[in-house]
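Below is one structure; the comments refer to it alone.
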Amino acid sequence: MISELATRLYRWCLTHEVTRWRGGTRLQTFLIGRSPELCAYPLDLPNGTVYVDVASNNSNWLSYGLFTDPEKSYEPHVQRVLKALIRPEDTVVDVGANIGLHTLLMSRLAKRVIAFEPNTQILPLLRRTVAELPNVELHECAVCDYSGTLKFFLSPDHCMSSIHQVRQGTMEISVPCTRLPDVLPNSVDLMKIDAEGAEDSIFRGAQPILDRDSAPILIYEDWSPLESKLWPILDGLKACYTRFTIQRDGQIIEQHEDPTWSEMLAIPASRLDWARQQLAAAPPLPSGPAF
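My numbering applies: residue 357 is where the sequence shown begins, and numbers increase by one.
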């Protein structure tokens, strides 16, 4: 009972930013001491239970945001595409699973989910989340264009951790890495890739999977430092990908030139007509706050 009350009060403190008040920081520290589960707190979300850290030095804006307002949706524009394009018999891949928010949804939609996450700060949370998902297979490694080990930069905001040092204040560690063809089965239907700048290396390593008629649908981030790298990798493949931007308002717009930054959808020619029909029939984005 004491722990539950302390957790509720801690949520109230975060919502009202009491650290700006005199004695507010001491109050939050006291409440954390009474609620040790805040370092791995189970949040019941519409797609399942995800574990977040809202008390230790590894906490970040996403965990705090979900904890203080669990009604918020995370990237609903991306989740709308996942719901439209994943079939019950599919095998799907989540590269850069983070704490598992998209992994949760994918596990409800697909027959099999193969997730990758190298960040040692959040892996304890992700392990607990996927332990309750029998169709999810977790690989605790980075994905690139070779198998072995690589440098990985841990960011104070774990959503920005990457194989590239994308911001100051990161800590360098060594993590295992793999090529997707060395791990994945012969047939993969959809891949979601969010790797904070490592997408070009991932695509190069995945060419045996992408350079065929039965290539998977891709959902990935494309941002300006990579714009000259990702498109040439996809151009000329047997899959004949057509690329779209996934707008935050839910629109799917065909893309004919490099974006400065966008969430991208690439659909192979063999599934293009079907995918267009699925996306056109998908319900609009729900109203309400979102990350």
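The beta-carbon is built from N, C-alpha and C at its ideal position, and this holds for glycine as well.
7 Å Cβ shell around residue i - same chain, five flanking residues per side excluded
i    : result
I609 : F600, T601, Q603
A453 : T459, A471, F472, E473, L482
L394 : T363, Y366, I388, V410, A411
T375 : T381, Q384
V492 : T459, S463, V469, A471, V486
Candidates the options: closest to residue i by CA position
i    : options                : result
T459 : Y420, N403, S429, G504 : N403
A487 : S463, N475, E427       : S463
D545 : F559, L370, L566       : L566
L465 : R443, G456, I455       : R443
V437 : L593, D556, A595, I573 : I573
S419 : L370, I575, S570       : L370
A631 : V408, I575, F423       : I575
Residues near residue i in its chain [Cβ-Cβ closer than 8 Å; skip 5 each side]
i    : result
Q634 : A440, L441
L641 : P432, H433, R436, D605, G606
D446 : L465, A466, K467, R468, D545, L546
Q611 : R599, F600, T601, S618, M620
Beta bridge counterpart(s) of residue i as assigned by DSSP
i    : result
S530 : K507
V449 : I470, M547
P537 : DSSP output for P537 lists no bridge partner at all.
Alpha carbon of residue i to alpha carbon of residue j, nearest angstrom
i    : j    : result
Q607 : R390 : 46 Å
V449 : R484 : 19 Å
T363 : T381 : 15 Å
K594 : F386 : 60 Å
L536 : C500 : 8 Å
W587 : F559 : 10 Å
S359 : T505 : 41 Å
A498 : L479 : 12 Å
Y597 : L540 : 20 Å
C533 : G456 : 19 Å
A636 : L628 : 12 Å
Neighbourhood of residue i by C-beta distance below 6 Å, restricted to the same chain and skipping five residues each side
i    : result
D550 : G452, E577
L489 : S463
H495 : F472
Indicate whether the contact test is met: 3 or more Cβ pairs, each with one atom in the region 410 to 429 and one in the region 620 to 632, closer than 8 Å. At 8 Å Cβ cutoff, the stretches do not touch.
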